[in-house]
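Since the structure comes first, as structure tokens, the remarks are kept for the end.
Pasting the structure below:
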């Protein structure tokens with residue numbers, strides 16, 4: 007498992023924050039929130055049927071983030087936009103298991119922001135993300151270290167999602183992609199090897 011890494015954004019508040027305008031229409035019903043979450047989940051997984059492109063993103067009206075990083079998040083799990091630079095790095099190194107979709111993005115004043123793409127992970131691994139309890143973490147009180155996946159159900163992609171039955175599908179990358187991102191200084195992302203993955207067991211499992 008040391009050759010696999012959990013990948014996610016650090017959700018820095020200094021990062022430019024854009025979301026789909028539907029989220030900015032005031033108080034939403036539970037049904038509408040679930041509908042929007044489902045669309046975001048499908049976009050993140052590359053399941054585009056019935057979705058109109060380009061997808062519009064707009065800076066949150068109360069956002070103070072100004073940093074345009076290689077990975078932009080919308081403060082949700084595994085739903086990202088990536089820069090032209092990151093897209094080029096993935097393409098030039100023939101990384102498998104991902105694709106992009108067209109977007110139009112605006113800041114809060116209505117100015118168009120260019121140079122970004124919607125990001126989808128198309129690689130898959132069946133089964134679930136399993137927490138291990140053999141090692142107590144020395145880095146985080148009360149936590150454990152270690153997670154595993156069923157590689158017999160992995161499609162071989164270098165970027166892939168696991169967690170079909172949960173509300174959030176974790177993104178996993180291979181060591182080659184990890185080294186690639188380190189080499190090119192892709193910042194504001196977390197890449198933690200599965201044997202060192204910190205968790206609180208069922209406390210986290212109940213949230214997924």
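Residue numbers (the working numbering): 7 to 214.
Where is the CB? At the ideal position from N, CA and C, for every residue including glycine.
Check whether the Cβ atoms of residue i and residue j lie closer than 8 angstroms to each other.
{"i": "residue 18", "j": "residue 66", "result": "no"}
{"i": "residue 126", "j": "residue 105", "result": "yes"}
{"i": "residue 195", "j": "residue 15", "result": "yes"}
{"i": "residue 159", "j": "residue 129", "result": "no"}
{"i": "residue 163", "j": "residue 103", "result": "yes"}
{"i": "residue 152", "j": "residue 140", "result": "yes"}
{"i": "residue 76", "j": "residue 192", "result": "yes"}
{"i": "residue 161", "j": "residue 121", "result": "no"}
{"i": "residue 131", "j": "residue 177", "result": "no"}
{"i": "residue 12", "j": "residue 189", "result": "no"}
Using only CA atoms, which one of the options lies nearest to residue i?
{"i": "residue 57", "options": "143, 124, 145", "result": "124"}
{"i": "residue 10", "options": "205, 200, 207, 204", "result": "200"}
{"i": "residue 43", "options": "162, 32, 8, 28", "result": "28"}
{"i": "residue 78", "options": "148, 21, 163", "result": "21"}
{"i": "residue 7", "options": "180, 192, 190", "result": "180"}
{"i": "residue 60", "options": "26, 197, 163, 143", "result": "26"}
{"i": "residue 50", "options": "150, 197, 69, 165", "result": "165"}
{"i": "residue 46", "options": "96, 188, 175, 152", "result": "175"}
{"i": "residue 118", "options": "63, 205, 190", "result": "63"}
{"i": "residue 204", "options": "178, 138, 167", "result": "138"}
{"i": "residue 216", "options": "68, 144, 86", "result": "With the chain running from 7 to 214 in the structure shown, residue 216 is simply not present."}
{"i": "residue 206", "options": "185, 150, 154", "result": "150"}
{"i": "residue 68", "options": "32, 101, 157, 53", "result": "32"}
{"i": "residue 154", "options": "189, 185, 202", "result": "202"}
{"i": "residue 80", "options": "100, 111, 98", "result": "111"}
The beta strand (DSSP E) that contains residue i, what's its start and end?
{"i": "residue 95", "result": "Per DSSP, residue 95 belongs to no beta strand (DSSP E); it is in the alpha helix (DSSP H), 90-98."}
{"i": "residue 65", "result": "61-65"}
{"i": "residue 183", "result": "First-last for residue 183: 181-189, but that is the alpha helix (DSSP H), not the beta strand (DSSP E)."}
{"i": "residue 105", "result": "104-107"}
{"i": "residue 77", "result": "77-79"}
{"i": "residue 56", "result": "Per DSSP, residue 56 belongs to no beta strand (DSSP E) and is neither H nor E."}
{"i": "residue 138", "result": "136-142"}
{"i": "residue 150", "result": "150-154"}
Run through the DSSP bridge pairs and tell me what residue i is partnered with.
{"i": "residue 130", "result": "167"}
{"i": "residue 260", "result": "Nothing in the structure corresponds to residue 260, since the chain is present only between 7 and 214."}
{"i": "residue 110", "result": "62"}
{"i": "residue 73", "result": "21"}
{"i": "residue 86", "result": "79, 125"}
{"i": "residue 160", "result": "131"}
{"i": "residue 115", "result": "In the DSSP output, where bridge partners are listed per residue, residue 115 has none listed."}
{"i": "residue 176", "result": "168"}
{"i": "residue 68", "result": "According to DSSP, which records beta bridges pairwise, residue 68 is partnered with nothing at all."}
In the DSSP assignment, find the unbroken alpha helix (DSSP H) run with residue i in it and report its ends.
{"i": "residue 40", "result": "36-51"}
Verify the contact flag: residue i, CB atom, against every heavy atom of the ligand FAD, threshold strictly below 7 angstroms.
{"i": "residue 91", "result": "Questions concerning the ligand FAD fall outside what the structure shown contains, since it holds no ligand whatsoever."}
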